[in-house]
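Note sheet for the following structure.
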Amino acid sequence: MTDTIFARIIRREIPATIVYEDDDVLGFKDIAPQAPVHVLFIPKNEAIPTLDDVRPEQAHLIGKLALAAAHYARSEGFAEDGYRIVMNCREDGGQTVFHIHLHLLAGAPLGRFGTPG
Ligand code: 5GP
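For the sequence shown, counting from 1, position 73 maps to 144 in our numbering; every step adds exactly one.
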């Protein structure tokens, strides 16, 4: 597995506040939260650098990340208030860790998005 910081979290080599886990997905709190709730969901068993690298036979993993986030939102009681999921891809998308991950942001009304800069 490619040695990103997230691979090291999967292997429990560095600490993280893990809030969700199933056979395929790990969810843990972002170290620099951008909202009152900011959790990252990552595939546990496949190291895929970016969304652009996902092959058709791996597409189910993206659904699993999204469903894990939705499950977490329901279980924590904020699904009805709402939330945002985000995947950043490469430099212009603001990606900094090259192991695909889905951001779950919630806990307050979120601003609009997509503004350059
Ligand atoms: P990206 O910018 O690649 O879409 O998102 C990477 C996220 O990983 C960032 O929001 C960043 O704060 C978070 N992050 C980076 N290093 C660590 C770490 O060591 N632990 C945790 N929990 N989050 C991290």
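By construction, the Cβ of each residue, glycine as well, lies at the ideal position given by its N, Cα and C atoms.
Here the segment 99–119 makes contact with the segment 166–182; the two share three or more CB pairs at distances below 8 Å. Taking the C-beta atoms as reference points, isoleucine 81 is found nearer than 7 Å to leucine 97.
DSSP places proline 107 in the coil class of the three-state scheme, outside both helix and strand. In the structure shown, isoleucine 89 falls within a strand segment according to DSSP collapsed to helix, strand and coil. Distance from the CA atom of aspartate 101 to the CA atom of leucine 132, rounded to whole angstroms, is 20 Å. Excluding the 5 residues flanking it on each side, valine 90 has same chain C-beta neighbours closer than 8 Å at Gly98, Phe99, Lys100, Val110, Tyr143, in chain order. Counted as a single uninterrupted DSSP element, the alpha helix (DSSP H) harbouring leucine 132 occupies residues 130–147.
Non-local beta-carbon contacts of phenylalanine 184 in its own chain, meaning distances under 6 Å to residues more than five positions away in sequence, are absent. For isoleucine 80, the three-state secondary structure derived from DSSP is helix. DSSP lists Tyr91, Phe112 as the bridge partner or partners of glycine 98.
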